[in-house]
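Note that numbering that gives the first Met the number 0 has the sequence shown beginning at 0, numbered continuously upward.
Take a look at the structure set out below.
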Amino acid sequence: MTERKGPGIIWVTSYPKSGNTWMRFLLAHLLIGNIKSSADVNRYIPGVGGSPNERIKLPADKPVMLKTHWAITCSNPLFNETLGFVYLVRNPLDIMMSFFNFNLLRFMRSEKNPTEKQIAAIRSDYIDTFIGHRGNPLGGSGGGHTNWLENVRLWHTASERYPSVMVRYEDMLNDTQKEVQRVLQFFNHEISDQKIRQATHKSSFTSMKKQEENELKKKQQGFFYKEKYEKAHQQGIRFMNKGVSGQGFQYLSEGQRLGFLEAFGPTLEKLGYHIDPDSGDLQLDEHPLGEITPLDEAPNLGYAQVQRPVIRKPD
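Quick look at the structure:
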């Protein structure tokens, strides 16, 4: 473990499409408050790792929360400042289908909606590629968040060295307040049940879906509205897609089901996921992800400043 030079970074981390946005909304409402928009969440818990030229300024006297999808490796010097982390894990079957929707949002440029038959063909090809890659093949420049297997393995190993809490997306769906209590235990924070209920409500899928529609209507920059996704927005594709568990099995052929279970099954079993190979039904063991290792004391949080290069459109 490299010695930190500053107060440290508390990472809110996961493989993409694993509930990171949901967790950031929860933490922003719980630990910061007065959150009016998704841009506020981005400001207080900014994401890093999306651009090789981004500049991050950390305060000299307070720890910060940062979001990342990168695996924890020595190649990113920011990881030398790790104070602890919250890691979210999700069934890669659901990640795959959520990613498929997100890739439609990212890359759809046509004015014309694709037919259901066209979408089904694209989806089947994507499923094959996802299984073969062991994760999203369009995961970002530099391979920073690797594939799903490596991302999970590296952060799980890091939990033996740093204060941390690991949370399953499915447990958050089943009992959000219980998982929030586990995360607050990591932060060494005591918060009233009423405030937890309020934060849970404000961060619910329904509330965030409503916020997305409001921000799209106003064309308000933040998580949800981005000008480059305008065509996809117009065709009804949304960042907040379904927010459910078990949505992907029905789209897999028999061969794809076997390939998925062969690729991901052993790691899923270690994480307490048991998928029926015929029905896709999911059974969960209770908290097999290791003990919560809390921070030494509740952090007095500061905020990092993240600057990204402005890409100008040609005249």
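Where is the CB? At the ideal position from N, CA and C, for every residue including glycine.
Which term fits residue i, buried or exposed, when burial requires 16 or more other beta carbons within 10 angstroms of its beta carbon?
{"i": "S252", "result": "exposed"}
{"i": "S37", "result": "buried"}
{"i": "D93", "result": "buried"}
{"i": "H273", "result": "exposed"}
{"i": "G131", "result": "exposed"}
{"i": "P15", "result": "buried"}
{"i": "E159", "result": "exposed"}
{"i": "T205", "result": "exposed"}
{"i": "A120", "result": "exposed"}
{"i": "T175", "result": "buried"}
{"i": "P91", "result": "buried"}
{"i": "A262", "result": "buried"}
{"i": "A59", "result": "exposed"}
{"i": "T72", "result": "exposed"}
{"i": "H232", "result": "With a pLDDT of 48 at H232, under the threshold of 50, the modelled position of that residue is not reliable, and the figure given next carries that caveat. With 16 or more Cβ atoms within 10 Å of its Cβ, H232 is classed as buried."}
{"i": "T114", "result": "exposed"}
So the alpha helix (DSSP H) residue i belongs to, where does it begin and stop?
{"i": "F259", "result": "253 to 269"}
{"i": "Q304", "result": "Not the alpha helix (DSSP H): Q304 falls in the beta strand (DSSP E), residues 304 to 306."}
{"i": "I274", "result": "Premise fails: I274 lies in the beta strand (DSSP E), 272 to 274, not in any alpha helix (DSSP H)."}
{"i": "V164", "result": "Segment 163 to 167 is the beta strand (DSSP E) holding V164; no alpha helix (DSSP H) there."}
{"i": "I118", "result": "115 to 132"}
{"i": "F186", "result": "175 to 186"}
{"i": "L87", "result": "Where L87 is concerned, there is no enclosing alpha helix (DSSP H), although the beta strand (DSSP E) it sits in stretches over 81 to 88."}
{"i": "K194", "result": "192 to 201"}
{"i": "R23", "result": "19 to 26"}
{"i": "N150", "result": "147 to 157"}
How about residue i and residue j: are their beta carbons less than 8 Å apart?
{"i": "I44", "j": "L26", "result": "yes"}
{"i": "K177", "j": "H28", "result": "no"}
{"i": "E296", "j": "N187", "result": "yes"}
{"i": "P136", "j": "P62", "result": "no"}
{"i": "L270", "j": "L257", "result": "no"}
{"i": "R122", "j": "F98", "result": "no"}
{"i": "V164", "j": "I291", "result": "yes"}
{"i": "Q255", "j": "I118", "result": "no"}
{"i": "G245", "j": "L281", "result": "yes"}
{"i": "G279", "j": "M96", "result": "no"}
{"i": "Q249", "j": "E53", "result": "no"}
First and last residue of the beta strand (DSSP E) that includes residue i?
{"i": "Q282", "result": "281 to 283"}
{"i": "W69", "result": "No beta strand (DSSP E) contains W69, which DSSP labels as neither H nor E."}
{"i": "S13", "result": "8 to 13"}
{"i": "R3", "result": "Per DSSP, R3 belongs to no beta strand (DSSP E) and is neither H nor E."}
{"i": "R42", "result": "Unbroken run through R42 is the alpha helix (DSSP H), 37 to 43; no beta strand (DSSP E)."}
{"i": "R54", "result": "54 to 56"}
Assuming residue i contacts residue j (C-beta within less than 8 Å), just tell me the rounded distance between them.
{"i": "Y86", "j": "T12", "result": "5 Å"}
{"i": "A70", "j": "T145", "result": "5 Å"}
{"i": "T199", "j": "V179", "result": "6 Å"}
Report all residues from its chain with a CB closer than 7 Å to the CB of residue i; omit the five preceding and five following residues, and keep chain order.
{"i": "R23", "result": "V11, V40, I44, K66"}
{"i": "T266", "result": "L148, V151"}
{"i": "G18", "result": "L87, R89, Y168, M171"}
{"i": "M324", "result": "A query on residue 324 cannot be resolved here, the shown segment of the chain reaching from 0 to 314 and no further."}
{"i": "F259", "result": "L92, I130, L251"}
{"i": "T128", "result": "P136"}
{"i": "P276", "result": "R256, L260"}
To which residues of the same chain is residue i closer than 6 Å at the C-beta, ignoring the five residues directly before and after it?
{"i": "R167", "result": "V88"}
{"i": "Q304", "result": "K56"}
{"i": "E189", "result": "none"}
{"i": "N173", "result": "none"}
{"i": "G134", "result": "N146, W147"}
{"i": "F316", "result": "As displayed, the chain neither begins before 0 nor continues past 314, which places residue 316 out of reach and without an answer."}
For residue i, I'd like the list of residues in its chain whose CB is within less than 8 Å of its CB, leaving aside the five on either flank, ordered along the chain.
{"i": "E285", "result": "G271"}
{"i": "L82", "result": "R3, P6, G7, I8, I9, P62, Y161, P162, L294, P298"}
{"i": "G338", "result": "Only positions 0 to 314 of the chain appear in the structure, and residue 338 is not among them; the question remains open."}
{"i": "R42", "result": "Y302"}
{"i": "F185", "result": "G83, V85, P162, S163, V164, I291, T292, P293, L294"}
{"i": "R196", "result": "Q176"}
{"i": "G142", "result": "Its pLDDT being 45, under 50, G142 is placed unreliably in this model, and the value from its coordinates should be taken loosely. Hits under 8 Å: none found."}
Taking CB distances under 8 Å as the criterion, tell me whether residue i reaches chain D.
{"i": "G134", "result": "Of the chains in the structure shown, none is chain D; there is only one protein chain."}
Any heavy atom of the ligand ATP closer than 7 Å to the Cβ of residue i?
{"i": "F248", "result": "No copy of the ligand ATP appears in this structure; indeed no ligand is present at all."}
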